[in-house]
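Participant: Got a structure here, written out as structure tokens. Questions coming.
Number of protein chains: 4
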Amino acid sequence: MRRLGIHSFVWTNGQTQDGLEMALEKSSEHGYRMIEFAYLRPELFDLDRLAKKAQDLDVEIVVTMGLPADADVSSEDKSAVEKGTALLANAVKAVRDIGGVRLGGILFSMHGKYDTMPTRDGWMNSAGAIAATADVAKDCGVQIVLEVVNRFESNLLNTTAQGLKFIEDTGRDDVFLHLDTFHMNIEEADPAGAIRMACDRVAYFHFNENYRGYLGTGTINFPPIFDALVDINYTSDIVFESFSSKIVDESLSRVCGIWRDTWDDNNPLAAHARTFIEQKWAEAVRRREVNAQS
Amino acid sequence: MRRLGIHSFVWTNGQTQDGLEMALEKSSEHGYRMIEFAYLRPELFDLDRLAKKAQDLDVEIVVTMGLPADADVSSEDKSAVEKGTALLANAVKAVRDIGGVRLGGILFSMHGKYDTMPTRDGWMNSAGAIAATADVAKDCGVQIVLEVVNRFESNLLNTTAQGLKFIEDTGRDDVFLHLDTFHMNIEEADPAGAIRMACDRVAYFHFNENYRGYLGTGTINFPPIFDALVDINYTSDIVFESFSSKIVDESLSRVCGIWRDTWDDNNPLAAHARTFIEQKWAEAVRRREVNAQS
Amino acid sequence: MRRLGIHSFVWTNGQTQDGLEMALEKSSEHGYRMIEFAYLRPELFDLDRLAKKAQDLDVEIVVTMGLPADADVSSEDKSAVEKGTALLANAVKAVRDIGGVRLGGILFSMHGKYDTMPTRDGWMNSAGAIAATADVAKDCGVQIVLEVVNRFESNLLNTTAQGLKFIEDTGRDDVFLHLDTFHMNIEEADPAGAIRMACDRVAYFHFNENYRGYLGTGTINFPPIFDALVDINYTSDIVFESFSSKIVDESLSRVCGIWRDTWDDNNPLAAHARTFIEQKWAEAVRRREVNAQS
Amino acid sequence: MRRLGIHSFVWTNGQTQDGLEMALEKSSEHGYRMIEFAYLRPELFDLDRLAKKAQDLDVEIVVTMGLPADADVSSEDKSAVEKGTALLANAVKAVRDIGGVRLGGILFSMHGKYDTMPTRDGWMNSAGAIAATADVAKDCGVQIVLEVVNRFESNLLNTTAQGLKFIEDTGRDDVFLHLDTFHMNIEEADPAGAIRMACDRVAYFHFNENYRGYLGTGTINFPPIFDALVDINYTSDIVFESFSSKIVDESLSRVCGIWRDTWDDNNPLAAHARTFIEQKWAEAVRRREVNAQS
Chain Y
1 MRRLGIHSFV WTNGQTQDGL EMALEKSSEH GYRMIEFAYL RPELFDLDRL AKKAQDLDVE
61 IVVTMGLPAD ADVSSEDKSA VEKGTALLAN AVKAVRDIGG VRLGGILFSM HGKYDTMPTR
121 DGWMNSAGAI AATADVAKDC GVQIVLEVVN RFESNLLNTT AQGLKFIEDT GRDDVFLHLD
181 TFHMNIEEAD PAGAIRMACD RVAYFHFNEN YRGYLGTGTI NFPPIFDALV DINYTSDIVF
241 ESFSSKIVDE SLSRVCGIWR DTWDDNNPLA AHARTFIEQK WAEAVRRREV NAQS
Chain B
1 MRRLGIHSFV WTNGQTQDGL EMALEKSSEH GYRMIEFAYL RPELFDLDRL AKKAQDLDVE
61 IVVTMGLPAD ADVSSEDKSA VEKGTALLAN AVKAVRDIGG VRLGGILFSM HGKYDTMPTR
121 DGWMNSAGAI AATADVAKDC GVQIVLEVVN RFESNLLNTT AQGLKFIEDT GRDDVFLHLD
181 TFHMNIEEAD PAGAIRMACD RVAYFHFNEN YRGYLGTGTI NFPPIFDALV DINYTSDIVF
241 ESFSSKIVDE SLSRVCGIWR DTWDDNNPLA AHARTFIEQK WAEAVRRREV NAQS
Chain L
1 MRRLGIHSFV WTNGQTQDGL EMALEKSSEH GYRMIEFAYL RPELFDLDRL AKKAQDLDVE
61 IVVTMGLPAD ADVSSEDKSA VEKGTALLAN AVKAVRDIGG VRLGGILFSM HGKYDTMPTR
121 DGWMNSAGAI AATADVAKDC GVQIVLEVVN RFESNLLNTT AQGLKFIEDT GRDDVFLHLD
181 TFHMNIEEAD PAGAIRMACD RVAYFHFNEN YRGYLGTGTI NFPPIFDALV DINYTSDIVF
241 ESFSSKIVDE SLSRVCGIWR DTWDDNNPLA AHARTFIEQK WAEAVRRREV NAQS
Chain W
1 MRRLGIHSFV WTNGQTQDGL EMALEKSSEH GYRMIEFAYL RPELFDLDRL AKKAQDLDVE
61 IVVTMGLPAD ADVSSEDKSA VEKGTALLAN AVKAVRDIGG VRLGGILFSM HGKYDTMPTR
121 DGWMNSAGAI AATADVAKDC GVQIVLEVVN RFESNLLNTT AQGLKFIEDT GRDDVFLHLD
181 TFHMNIEEAD PAGAIRMACD RVAYFHFNEN YRGYLGTGTI NFPPIFDALV DINYTSDIVF
241 ESFSSKIVDE SLSRVCGIWR DTWDDNNPLA AHARTFIEQK WAEAVRRREV NAQS
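The listed protein sequences derive, respectively, from chains Y, B, L and W. Under the numbering used here, the first residue of the first sequence is numbered 1, with each subsequent residue one higher. Under the numbering used here, the first residue of the second sequence is numbered 1, with each subsequent residue one higher. Under the numbering used here, the first residue of the third sequence is numbered 1, with each subsequent residue one higher. Under the numbering used here, the first residue of the fourth sequence is numbered 1, with each subsequent residue one higher.
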């Protein structure tokens, strides 16, 4: 792995300049070298100051988001597709302006619970919109990653195989997958197998427990997932994500169904997650070495 | 376990008399002795004939459902609570009329994606409505079970611990939990531990793979779940549930986010599930015996 | 997989003509199409008659064995190495005479608990002896497979990586590995990873529970092992092995430490194992298909 | 858990005064507060000095051992039983003299590979010898724990159930079990279930990987084992054990079949194990809390 990061909602609901600055500082203090901001609204913040602070702390920024219903690029309604495409272009530019390295999330559809089946035309509209976004991103030096999410947060890309097919349909070689253990736990038959299948198409990875609490306290079988990342020689970034009703963001908490306190204190949570990921990664590396030793 | 059953949506979308009769026959042919009908609309069917057919085949009937938004008993709106309470009373009577043994599902709230936090008043309204429903059910000889579901299908009861607390708050000793491995996989830190904690409060159990396909092909670690059921001396019914976009029910498929074909042919699916559950149950029983043998 | 087989010690202690014939019949009755005879002593049996019976039942024969201390080809004592080499040549011929397809087991060392470290000279002596054996086997149309076993049953080849290195040192491309889940559970850091590493060098595979009882009742995590076999497109044979003090063979039970009754009745054991292996194999195949489906 | 300890063979082969003193210091440096000495030979050491050093460092001492063949208290030969009983009494006194808290290991039989079945008379002889040993231990203020080991290291007590029955047959309430994940992985159908069954009869616990290397790099499914220890409210000591051919003790390495380098450097090994055990313990405690939270 390249950099180990943490989602800003571990620290703040993300809607104030002070909140984001504090999140950068806390991440750095805890030894994380990347932070994920969600649903960044450039109009609310002094982006230059955030960019400067991030650089000073050597903490890189990733931004993630999902589309609203009226800007759903997987819609069959052209005006929604156009609106979404414009929204994505602006988001890419905001990432550039904040000095960020990557735009991720549910860029290919609405973020939320659909009540209709996806359509072939919607899929193609979305692929076109993502291709256009990738063009903008190329100029901005921003990487585009698509988050494969569970059935309740999108109807379009729920599995890695769908994500790979979708990227193929964009015709781009600079669009990548963003995988997340919470979503994989709901959708993949074999998360480790999915990672091996995705191989160098994965460029961003979220560690999340099944119920979004402390890593290692739930049902996800993490060792084979670390093994798969080691097997594909994963060299991009890993980010820890956890949500609790302790920190509520209107845009994200509700769409993600965060109704419970899964933790109260974010400091031990962040400390634990870093040790967890680093130790499990080292165990996976060693497991490969031991297995190969004759 | 007492009876092994199967969800009717393995066989039919459930909206015709012929469909339900065929489902009863297929279930019986495959050796299942219980069937679950979802969102039964008594006005559409000849209940007597279904009851007679079920009895002839020695296949018991369970009905499950969730509430619509305008009849949400966990609402703070009294008229919705009243409407939901009446709806539940009618549902209980329909179960009685069809000769069913049990009413289950999301009886305590809307079935669907909330976008607000649950409230204390809503919780108490719901507990009151369920207490009233249990009264009706007692007279009708119908058992009430509450399905603990994932965060995207209700905001009220997402964990076994919440379910137990809720039952306590109804003040009833004849209301039980309905647990389901699909939902537990998203919400419980330790599904087997939750089963042990629930103990004789569980009266209905769904086996479901993480992505709702063939059992044993996904991520759920089933052996400890069977162990826990054996440990608590579980003597009630077990039902196999699986959804595919192959069979679409408007009421259920969309709320459950069934966007993918997880199987095409329901016959091998049903045969496999029966062998899977019976074999894993026998393995758990034997594991206890071997462990205790000195 | 090609053929599914069963170890003869599920049926008999193996030391009479009648016992082996009964074992062939029972295996066939239970739907197994391969049988493993261990420590076959050709002088005790009518090999032609066994060969004829096996052919009539369409049950193929595999023979496995380990070397005695005084014929240990991994010894530094040349006379032991010579004695072992001759013994192996005779064993190969007996396999040919019984119409068997394969000779496996601990052919490369004593079968038993060593109390000294292996040596480099012993390793090379053993590799030479196996190369010589492979020459005889080629002429006899018998396949040679080397069983990687736990530290208490040999000191030479305890891991797949060691087995692969050893085969390389024999200079043969017709010597293969014989892997077994019981042994892998004690020695491999990652059994599934070891199978992937061995790839087309594995030509024989034993399914065994951790304590040698009923499959699925112990601690071995079988699904990833089936996944790995499916991933490497394993096309050779799979054999079920289980030992109980109910059936005692002087040569094998004691060296394997079979002190407990892990089962009393071999009929349900054999029926269970066949269903277990076939169902888990089918689940692994389906898991790959589901994971790849876009 | 009370104290977290480490086996002295992580540091030294144990046969010199300097080696044991260094081991005490290294254990303390790495934050361990208990050390296990194996096969302590009191005649070789200045016990007072070791006791003093341990006390100064606040590192408690446990001694473990197994019986030699000619002092096997599970023999049917009375002279061997007598010899073993005397040997155990002396060992208890040595533990007292070194200021140790506990004598554990294979006190009830030979430590090694048997080639005969255990006998009823041998079992009773052993129970008598352990009862006598417990009497001596009571006077000495030393706790007796019996290590349940795999089939290749004893033929008498291979499972927790056997251990519990054996303790019952000693007629003592001050003899306890010493469980070890390496051995359980070979013998128990359900290690976590075995711990729950043993409950307050377990007074000493070894964490060990399946192949005796770094914790978390092998096949043992540790979380349910920690869950079980938390469930039984385990309040005694936990010790980390790992063997590599890097550090060879003639008495132990050979009987345990340590033929491979599973690690070269013991410092990162010890640091990793402490973090592993403390983090997994905390995760298990939290898992219980989360599961119970309503």
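Heads up, the beta-carbon is just placed ideally off N, CA and C, and yes, glycines get one too.
Does R287 (chain L) get closer than 7 Å to chain Y when you measure Cβ to Cβ?
Facilitator: Answer yes: the Cβ-Cβ gap between R287 (chain L) and chain Y drops below 7 Å somewhere.
Participant: If you follow the beta strand (DSSP E) that A69 (chain B) is part of, which residue opens it and which one closes it?
Facilitator: Here A69 (chain B) belongs to no beta strand (DSSP E), and DSSP marks it neither H nor E.
Participant: I want to verify the contact list: residues of chain Y whose CB lies under 8 Å from the CB of G216 (chain W), in sequence order.
Facilitator: Chain Y residues near G216 (chain W): P223, Q279, K280, E283.
Participant: Would you list the one or two residues that DSSP bridges to L296 (chain W)?
Facilitator: Nothing in the structure corresponds to residue 296 (chain W), since chain W is present only between 1 and 294.
Participant: Can you tell which of B:M110, B:A91, B:F207, B:D58 has its C-alpha closest to the C-alpha of A80 (chain B)?
Facilitator: Measuring from the Cα of A80 (chain B), the nearest candidate turns out to be B:M110.
Participant: Tell me V239 (chain W)'s beta-bridge partners as DSSP assigns them.
Facilitator: Partner(s): W:G5, W:H206.
Participant: From what residue to what residue does the beta strand (DSSP E) around E76 (chain Y) run?
Facilitator: No beta strand (DSSP E) holds E76 (chain Y); DSSP gives it neither H nor E.
Participant: Work out the CA separation of D249 (chain Y) and T262 (chain W) for me, nearest whole Å.
Facilitator: When rounded, the distance between both Cα atoms is 48 Å.
Participant: At a CB distance below 9 Å, what residues from the segment 228 to 262 of chain L approach chain B? Give them in sequence order.
Facilitator: Per Cβ criterion, the list reads R260, D261, T262.
Participant: What span of residues does the beta strand (DSSP E) with F152 (chain W) cover, start to end?
Facilitator: It is not in any beta strand (DSSP E) - F152 (chain W) carries neither H nor E in the DSSP assignment.
Participant: Q143 (chain Y) lies in the alpha helix (DSSP H); which residues open and close that run?
Facilitator: Where Q143 (chain Y) is concerned, there is no enclosing alpha helix (DSSP H), although the beta strand (DSSP E) it sits in stretches over 143 to 147.
Participant: Which one of Y:S245, Y:V230, Y:S244 has the shortest CA to CA distance from I301 (chain Y)?
Facilitator: One cannot answer for residue 301 (chain Y) here, as it falls past the ends of chain Y, which runs 1 to 294.
Participant: For F122 (chain L), which residues from the same chain have a beta carbon less than 7 Å from its beta carbon, with the 5 sequence-adjacent residues on both sides left out?
Facilitator: Reading off the sequence, residue 122 (chain L) comes out as Gly, not Phe. Excluding sequence neighbours, G122 (chain L) sits near S74, S75, E76.
Participant: Could you list which residues in chain W have their beta carbon closer than 7 Å to that of E188 (chain B), in chain order?
Facilitator: Within 7 Å Cβ-Cβ: N291.
Participant: Please report the distance separating the alpha-carbon of N221 (chain W) from that of S245 (chain B).
Facilitator: Looking at the two C-alpha atoms, the distance is approximately 35 Å.
Participant: Taking the alpha-carbon positions, what's the E209 (chain L) to N291 (chain Y) distance?
Facilitator: Taking the straight line from one Cα to the other gives about 21 Å.
Participant: Just list the beta strand (DSSP E) runs in the segment 96 to 124 of chain W, keeping only unbroken ones of 3 residues or longer that don't cross its boundaries, in chain order.
Facilitator: List check, beta strand (DSSP E) in window: 102 to 110.
Participant: With distances taken between CB atoms, is the gap from L24 (chain B) to V63 (chain B) smaller than 7 Å?
Facilitator: Not closer than 7 Å, so no.
Participant: So that I know if they touch, is there some Cβ in chain B lying closer than 7 Å to that of F152 (chain Y)?
Facilitator: F152 (chain Y) counts as touching chain B.
Participant: Could you check which residue in Y:G213, Y:I35, Y:F182 has the C-alpha nearest to that of T219 (chain B)?
Facilitator: Answer by Cα proximity: Y:F182.
Participant: Does the CB of S294 (chain B) have a neighbour CB from chain W at under 7 Å?
Facilitator: Interface residue, yes.
Participant: Measure from the alpha carbon of L47 (chain Y) to the alpha carbon of each residue in Y:T16, Y:S27, Y:Y32, then state which is nearest.
Facilitator: Checked all of Y:T16, Y:S27, Y:Y32; the closest Cα to L47 (chain Y) is Y:T16.
Participant: Closest to N233 (chain W) by CA distance: which of W:D169, W:H7, W:M197, W:Q293 is it?
Facilitator: Nearest option by C-alpha distance: W:M197.
Participant: Would you say N155 (chain W) faces chain L, with C-beta separation under 7 Å as the test?
Facilitator: Judged by the 7 Å Cβ criterion, N155 (chain W) is in contact with chain L.
Participant: What beta strand (DSSP E) runs, 3 residues minimum, are completely inside the segment 13 to 60 of chain B?
Facilitator: As far as the segment 13 to 60 of chain B is concerned, its whole beta strand (DSSP E) runs of at least 3 residues are 34 to 38.
Participant: Taking beta-carbon pairs under 9 Å, can you tell me which members of the segment 168 to 194 of chain W lie near chain Y?
Facilitator: Here the close residues number zero.
Participant: So the candidates are B:Q55, B:G66, B:R288, B:G31; which of them puts its Cα closest to the Cα of R41 (chain B)?
Facilitator: Cα-wise, what sits closest to R41 (chain B) is B:G66.
Participant: On the DSSP bridge list, what partners appear for V63 (chain B)?
Facilitator: BP columns for V63 (chain B) point to B:F37, B:L103.
Participant: Measuring only between beta-carbons, confirm whether Y39 (chain L) sits less than 7 Å from chain W.
Facilitator: Y39 (chain L) does not count as touching chain W.
Participant: Does the segment 186 to 201 of chain W come into contact with the segment 140 to 148 of chain L, if we say contact requires no fewer than three beta-carbon pairs (one atom in each stretch) closer than 8 Å?
Facilitator: Output reads no: the segment 140 to 148 of chain L does not touch the segment 186 to 201 of chain W.
Participant: I277 (chain B) lies in the alpha helix (DSSP H); which residues open and close that run?
Facilitator: From DSSP, the alpha helix (DSSP H) with I277 (chain B) extends over 266 to 292.
Participant: Note down the Cα distance separating A54 (chain B) from V149 (chain W), rounded to an integer number of angstroms.
Facilitator: Approximately 54 Å, taken between the alpha carbons.
Participant: Kindly indicate the opening and closing residues of the alpha helix (DSSP H) around A192 (chain L).
Facilitator: A192 (chain L) -> alpha helix (DSSP H) spans 191 to 198.
Participant: If I'm right that E36 (chain W) touches S8 (chain W) with Cβ under 8 Å, what's the distance once you round it to whole angstroms?
Facilitator: Correct: roughly 6 Å between the Cβ atoms.
Participant: Give a yes or no on whether 7 Å exceeds the smallest Cβ distance from A203 (chain Y) to chain L.
Facilitator: With 7 Å as the cut-off, A203 (chain Y) does not count as an interface residue toward chain L.
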